[in-house]
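Enquirer: Note that the numbering used here has the sequence shown beginning at 43, numbered continuously upward. Sharing a structure here in structure tokens format.
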Amino acid sequence: MPIAVKEPRTDQMVHEDAQPGPFTRPWRFLKSVPSLEFLPEMGPFEIALAGRSNVGKSSLINGLIRRNGLARTSNTPGRTQELNYFLTDWQPPFYLVDMPGYGFAKAPKEKVAAWTGLVKDYLRGRQTLVRVLLLIDARHGLKAVDGEIMKLLDGAGVTFLVVLTKADKITPKALAHVVTATEAALKSHPAAFPDILATSSETGLGMEALRTAITAILAERA
Ligand SMILES: Nc1nc2c(ncn2[C@@H]2O[C@H](COP(=O)(O)OP(=O)(O)O)[C@@H](O)[C@H]2O)c(=O)[nH]1
Ligand SMILES: [Mg+2]
43 MPIAVKEPRT
53 DQMVHEDAQP
63 GPFTRPWRFL
73 KSVPSLEFLP
83 EMGPFEIALA
93 GRSNVGKSSL
103 INGLIRRNGL
113 ARTSNTPGRT
123 QELNYFLTDW
133 QPPFYLVDMP
143 GYGFAKAPKE
153 KVAAWTGLVK
163 DYLRGRQTLV
173 RVLLLIDARH
183 GLKAVDGEIM
193 KLLDGAGVTF
203 LVVLTKADKI
213 TPKALAHVVT
223 ATEAALKSHP
233 AAFPDILATS
243 SETGLGMEAL
253 RTAITAILAE
263 RA
């Protein structure tokens, strides 16, 4: 009798082991937006990943959609200078938006000003933006520049969920400590969700919880 050979798992494969949802669908890159006039027409809901350079935004997108390399990651901070739009065939339709990092000082000043301006204008003014995932490196916790972005989101009334990244790089005890400290700091931010999520794109920690949180955001609006 021939031995059944399992089909190799491909990137585009629908994941039968997971709960059906947008993250068991195939994803694609839509476009790269270097300035506001190139934004796609408003329509689908948008969920944006914001955070300092190198915090792990692009890695988290790849982790969520289970496709290494669809969002470009880099060891060099400040590489992404555009808003990158990703979409799938889920209803209601929505985009995941990978953003340039803020708070990166080693690039030429005008460049930093240009992409920080893009990030701020987008976060303040995009009417179809339904949630921001604000990524914080678990090793470093909240920095002053994160506080500025949180204030901007408070002012714009854009609700945000804080997601700790790179949790694999610290001990469980240190992680518990940064979770407590971060949640305490969020009390003064009306647009913040009180609970935060600890994740690792490396180990997959928190990834299913984040998928569930995103699916719930969409379900509220379906
Ligand atoms: N150990 C570990 N490294 C990570 C994790 N997420 C991202 N990285 C690494 O951090 C660097 C920056 O990641 P990237 O996703 O490009 O960050 P971005 O600038 O915020 O998009 C890359 O070298 C990633 O491999 C994580 O959860 N754990
Ligand atoms: Mg990136």
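In this text, a Cβ means the ideal position worked out from N, Cα and C, and glycines have one as well. Computed from a predicted structure; not experimentally measured.
Evaluate Pro-214 with the Cβ neighbour count: other Cβ atoms within 10 Å of its Cβ, from every protein chain shown; 16 or more gives buried, anything less gives exposed.
Expert: Position 172 of the sequence shown holds residue 214. Flag for Pro-214 reads exposed.
Enquirer: Helix, strand or coil: which one does DSSP assign to Leu-194?
Expert: Translated into the one-based positions of the sequence shown, residue 194 becomes position 152. DSSP places Leu-194 in helix when its eight states are reduced to three.
Enquirer: Quick check on Lys-73: does DSSP put it in helix, strand or coil?
Expert: In the sequence shown, the residue the question calls residue 73 occupies position 31. Correct three-state label for Lys-73: strand.
Enquirer: What are the boundary residues of the beta strand (DSSP E) that includes Ala-92?
Expert: For the purposes of this step, residue 92 is identified with residue 50 of the sequence shown, where counting begins at 1. It spans 87-93 - the beta strand (DSSP E) in which Ala-92 sits, taken as one unbroken run.
Enquirer: According to the neighbour-count rule (16 or more other Cβ atoms, all chains shown, within 10 Å of its Cβ), is Leu-247 buried or exposed?
Expert: Position 205 of the sequence shown, counting from 1, holds the residue named residue 247. Buried: at least 16 other Cβ atoms inside 10 Å.
Enquirer: Is Pro-68 buried or exposed, if buried means 16 or more other CB atoms sit within 10 Å of its CB?
Expert: Walking along the sequence shown from the start, residue 68 turns up at place 26. The residue is exposed, with fewer than 16 neighbouring Cβ atoms inside 10 Å.
Enquirer: Beta-carbon within less than 8 Å of Gln-169's beta-carbon, same chain only, minus the 5 sequence neighbours each way: which residues are those?
Expert: Residue numbering aside, residue 169 sits at position 127 when the sequence shown is read from its first letter. Same-chain partners within the cutoff: Met-84.
Enquirer: Within 10 Å of its beta-carbon, does Lys-193 have 16 or more other beta-carbons around it, so buried, or fewer, so exposed?
Expert: Counting from one through the sequence shown, the residue named residue 193 turns up at place 151. It counts as exposed.
Enquirer: For Asn-126, name the three-state secondary structure that DSSP assigns.
Expert: Here residue 126 refers to the residue found at position 84 when the sequence shown is read from its first residue. Three-state result, Asn-126: strand.
Enquirer: How would you write the range of the alpha helix (DSSP H) that Thr-158 sits in, first residue to last?
Expert: For the purposes of this step, residue 158 is taken as residue 116 along the sequence shown, with counting starting at 1. Counting along the chain, the alpha helix (DSSP H) containing Thr-158 begins and ends at 151-167.
Enquirer: Between the C-alpha atoms of Val-220 and Lys-229, what's the straight-line distance to the nearest angstrom?
Expert: As a first step, residue 220 must be located in the sequence shown, where it is residue number 178. As a first step, residue 229 must be located in the sequence shown, where it is residue number 187. Cα to Cα, the separation comes out at about 15 Å.
Enquirer: Nearest by alpha-carbon distance to Ser-243: which of Pro-62, Asn-110, Glu-79 and Pro-76 is it?
Expert: Taking the sequence shown and counting its residues from 1, one reaches residue 243 at position 201. Here the closest residue by C-alpha is Asn-110.
Enquirer: Just the Cα atoms here: how many angstroms apart are Gly-183 and Arg-70?
Expert: Translated into the one-based positions of the sequence shown, residue 183 becomes position 141. Translated into the one-based positions of the sequence shown, residue 70 becomes position 28. Gly-183 and Arg-70: Cα-Cα distance of roughly 32 Å.
Enquirer: Expressed to the nearest angstrom, what Euclidean distance is found between the alpha-carbon atoms of Ala-264 and Ile-103?
Expert: Along the sequence shown, one-based indexing puts residue 264 at 222. Along the sequence shown, one-based indexing puts residue 103 at 61. When rounded, the distance between both Cα atoms is 22 Å.
Enquirer: Since Leu-81 is in the beta strand (DSSP E), which residue starts that stretch and which ends it?
Expert: Position 39 of the sequence shown, counted from the first residue, corresponds to residue 81. That residue, Leu-81, is in no beta strand (DSSP E); it is neither H nor E in DSSP.
Enquirer: Would you give the residue range spanned by the alpha helix (DSSP H) that Leu-228 belongs to?
Expert: Locating residue 228 in the sequence shown gives position 186, where the first residue counts as 1. 214-228 is the span of the alpha helix (DSSP H), which, as asked, contains Leu-228.
Enquirer: Would Pro-64 be called buried (16 or more neighbouring beta carbons within 10 Å of its own) or exposed?
Expert: Your numbering for residue 64 matches position 22 in the sequence shown. The residue in question, Pro-64, is buried, as its Cβ has 16 or more Cβ neighbours within 10 Å.
Enquirer: Report yes or no: do the segment 135-154 and the segment 79-94 share at least 3 C-beta pairs separated by less than 8 Å?
Expert: Touching, yes, given that three or more Cβ pairs across the two stretches are closer than 8 Å.
Enquirer: If we count the other Cβ atoms within 10 Å of its Cβ and call it buried at 16 or more, is Val-56 buried or exposed?
Expert: As a first step, residue 56 is located in the sequence shown; it is residue number 14 there, counting from the start. No answer about Val-56 holds up, because its pLDDT of 49 lies below 50 and its placement is not dependable.
Enquirer: Just the C-alpha distance for Leu-203 and Phe-235, rounded to the nearest angstrom, thanks.
Expert: Taking the sequence shown and counting its residues from 1, one reaches residue 203 at position 161. Taking the sequence shown and counting its residues from 1, one reaches residue 235 at position 193. Each residue's alpha carbon lies about 5 Å from the other.
Enquirer: What whole-angstrom Cβ distance do Leu-176 and Leu-78 have, given they're in contact under 8 Å?
Expert: Numbered from 1 along the sequence shown, position 134 holds the residue referred to as residue 176. Numbered from 1 along the sequence shown, position 36 holds the residue referred to as residue 78. So it is not a contact: roughly 21 Å between Cβ atoms.
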